[in-house]
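Throughout, this note's numbering is defined as the position within the sequence shown, counted from one, plus 7. Glycine residues also receive a C-beta, built at the ideal position from the N, C-alpha and C atoms. For reference, the structure discussed in these notes is given below.
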Amino acid sequence: MTDIRFFATTSTGIEDIASSEVEMLLNVKCFPDVGKVFFQSNLEAIYILNLCSSTLNKVMICLCRSYFENLNQIYYLVKQVDFSQYILPNQSFAVESERYGVHDFTSVDVSRVVGQAIIDSYLSSKSVRIKVNLSSPDITFLSLVRNNEFILGLNTSGESLHKRNYRVYEHPAALKSTIASAMLTIGGWDHNKPLIDPMCGSATIPIEAAFKARRLPPNYLRKNYAFYKIGFLNLKDFENLREKLLSKANRNVYKIFGMEKYERHLKGAIMNCSNAGVSDTVFLKLGDATRSETYPSEPFDTIIVNPPYGVRMVPEGGMKRFYTLFLKALRERFSGSKLVLITAAFRRFLEAVDEVDVKILEERNVLHGSLNAKIFKCEI
Numbered sequence: 008m009t010d011i012r013f014f015a016t017t018s019t020g021i022e023d024i025a026s027s028e029v030e031m032l033l034n035v036k037c038f039p040d041v042g043k044v045f046f047q048s049n050l051e052a053i054y055i056l057n058l059c060s061s062t063l064n065k066v067m068i069c070l071c072r073s074y075f076e077n078l079n080q081i082y083y084l085v086k087q088v089d090f091s092q093y094i095l096p097n098q099s100f101a102v103e104s105e106r107y108g109v110h111d112f113t114s115v116d117v118s119r120v121v122g123q124a125i126i127d128s129y130l131s132s133k134s135v136r137i138k139v140n141l142s143s144p145d146i147t148f149l150s151l152v153r154n155n156e157f158i159l160g161l162n163t164s165g166e167s168l169h170k171r172n173y174r175v176y177e178h179p180a181a182l183k184s185t186i187a188s189a190m191l192t193i194g195g196w197d198h199n200k201p202l203i204d205p206m207c208g209s210a211t212i213p214i215e216a217a218f219k220a221r222r223l224p225p226n227y228l229r230k231n232y233a234f235y236k237i238g239f240l241n242l243k244d245f246e247n248l249r250e251k252l253l254s255k256a257n258r259n260v261y262k263i264f265g266m267e268k269y270e271r272h273l274k275g276a277i278m279n280c281s282n283a284g285v286s287d288t289v290f291l292k293l294g295d296a297t298r299s300e301t302y303p304s305e306p307f308d309t310i311i312v313n314p315p316y317g318v319r320m321v322p323e324g325g326m327k328r329f330y331t332l333f334l335k336a337l338r339e340r341f342s343g344s345k346l347v348l349i350t351a352a353f354r355r356f357l358e359a360v361d362e363v364d365v366k367i368l369e370e371r372n373v374l375h376g377s378l379n380a381k382i383f384k385c386e387i
């Protein structure tokens, strides 16, 4: 199979970064869309992206992309697809659906109609009624409905790729690894210069930085992918690629630092770094990001941080005061450095920026879970 149509999902707001990453990894043209990117490539793209992408959530073989007026049209669009090349007669399947816009049906209705169309298509081509298994399917399809557009994909990833498998400790306000990676790209961090996350939580940003610097495939610890059960793929090819890429990784020591105010989170960060295999290049310490004297002595060129938003807990004095103290501490120690920060409390952050007179170089809207947030790139 050559010249296969794909789409891959990503966090809303970093589609351009995800698109550039796909182009870099596959040497193909990629087209960003809302929460996803589209491209064409060969079967090896499934292995490369699932293993090496740092900003994608799920990689899909695109089976259908069209416009519709009602559920009946969705049914006929799906029924025209030949599913016999994707599902073996003894395999089960499930349909997951996401719907955006105003419709007279729900995402559950979409899953039902798409599922029936898949069954009927297979019955027509192979005279076999394939089974649905919602709890543990062999093959999973994703239907996306946005306004009057319908997209159907075959999930090659399984669980979202942002789940890197190194997290043995989960911070209550953890940043998605995919967004952390995008923030490192936005910051333009030079691997040979010191980097710090002064509110590192479970160390997601430092770990992602270490993966980038060492050229480690971000998902090299993952034990299972959905494509393991796709019959036309050769898993030996995947294992060979994995070994080849791991052999190209380096063990150099980079100046990647994380600082955390709370000891329980610091202990969790240490465990995560150990599990990720980067403890020897990520240096962690206790410290208060609003106090300049607690920072390491390195002359940090880049600061990447996911601070509190005030959702679960409001710091003493409120969010504006907290952000102001933080920016003043950075200004005192690292004037002229780059700061990349994500927050859902962006109004309070902007007030602090005005007070401290920090220069905003770039800002973008992102969706972090269910929170509308902004990523800011600043000059301290």
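Local Cβ density within 10 Å of residue i, reported as buried at 16 or more and exposed below that
i, result
"residue 132", "exposed"
"residue 239", "exposed"
"residue 83", "exposed"
"residue 22", "buried"
"residue 28", "buried"
"residue 243", "exposed"
"residue 340", "buried"
"residue 230", "exposed"
"residue 364", "exposed"
"residue 354", "exposed"
"residue 325", "exposed"
"residue 129", "buried"
"residue 381", "buried"
"residue 206", "buried"
"residue 345", "buried"
"residue 74", "exposed"
"residue 251", "exposed"
"residue 60", "buried"
"residue 318", "exposed"
"residue 265", "buried"
Alpha-carbon to alpha-carbon, residue j and residue i
i, j, result
"residue 113", "residue 151", "12 Å"
"residue 163", "residue 302", "43 Å"
"residue 369", "residue 19", "17 Å"
"residue 45", "residue 65", "12 Å"
"residue 366", "residue 188", "23 Å"
"residue 166", "residue 52", "18 Å"
"residue 10", "residue 105", "26 Å"
"residue 274", "residue 115", "42 Å"
"residue 94", "residue 241", "15 Å"
"residue 272", "residue 208", "6 Å"
"residue 12", "residue 50", "10 Å"
"residue 48", "residue 58", "16 Å"
"residue 379", "residue 351", "6 Å"
"residue 108", "residue 157", "12 Å"
"residue 17", "residue 142", "24 Å"
"residue 34", "residue 277", "36 Å"
"residue 55", "residue 186", "19 Å"
"residue 119", "residue 69", "19 Å"
"residue 330", "residue 160", "42 Å"
"residue 155", "residue 342", "50 Å"
"residue 357", "residue 24", "24 Å"
Where the alpha helix (DSSP H) through residue i begins and ends
i, result
"residue 136", "Here residue 136 belongs to no alpha helix (DSSP H), and DSSP marks it neither H nor E."
"residue 207", "It is not in any alpha helix (DSSP H) - residue 207 carries neither H nor E in the DSSP assignment."
"residue 339", "326-341"
"residue 212", "211-221"
"residue 356", "353-363"
Below-8 Å beta-carbon distance, residue i vs any chain B residue
i, result
"residue 23", "This model lacks chain B altogether; it includes just one protein chain."
Extent of the continuous beta strand (DSSP E) to which residue i belongs
i, result
"residue 371", "366-375"
"residue 386", "378-386"
"residue 346", "345-350"
"residue 293", "289-293"
"residue 237", "Looking at the DSSP string, residue 237 is not in any beta strand (DSSP E), and its letter there is neither H nor E."
List, from N- to C-terminal side, the alpha helix (DSSP H) runs of 4 residues or more that fit wholly inside the region 73-131.
78-86
Should the region 216-229 be called in touch with the region 244-260, which here means at least 3 C-beta pairs below 8 Å?
yes
Quick check on the DSSP output: what are the complete beta strand (DSSP E) runs of length 3 or more inside the region 152-196, in order along the chain?
156-162
Which runs of the alpha helix (DSSP H) at least 4 residues long sit entirely within the region 17-50? Give them in chain order.
22-33
The region 171-181 in contact with the region 75-90 per 3-pair CB rule at 8 Å:
no
Inter-stretch contact (C-beta, 8 Å, three-pair minimum) for the region 284-302 and the region 256-276
yes
Does the region 95-114 come close enough to the region 124-140 that 3 or more CB-CB pairs lie under 8 Å?
yes
List, from N- to C-terminal side, the beta strand (DSSP E) runs of 3 residues or more that fit wholly inside the region 239-275.
263-267
Please determine if the region 35-43 and the region 170-179 are in contact, where contact requires at least 3 C-beta pairs separated by less than 8 Å.
no
Three or more C-beta pairs below 8 Å linking the region 191-199 and the region 293-307:
no
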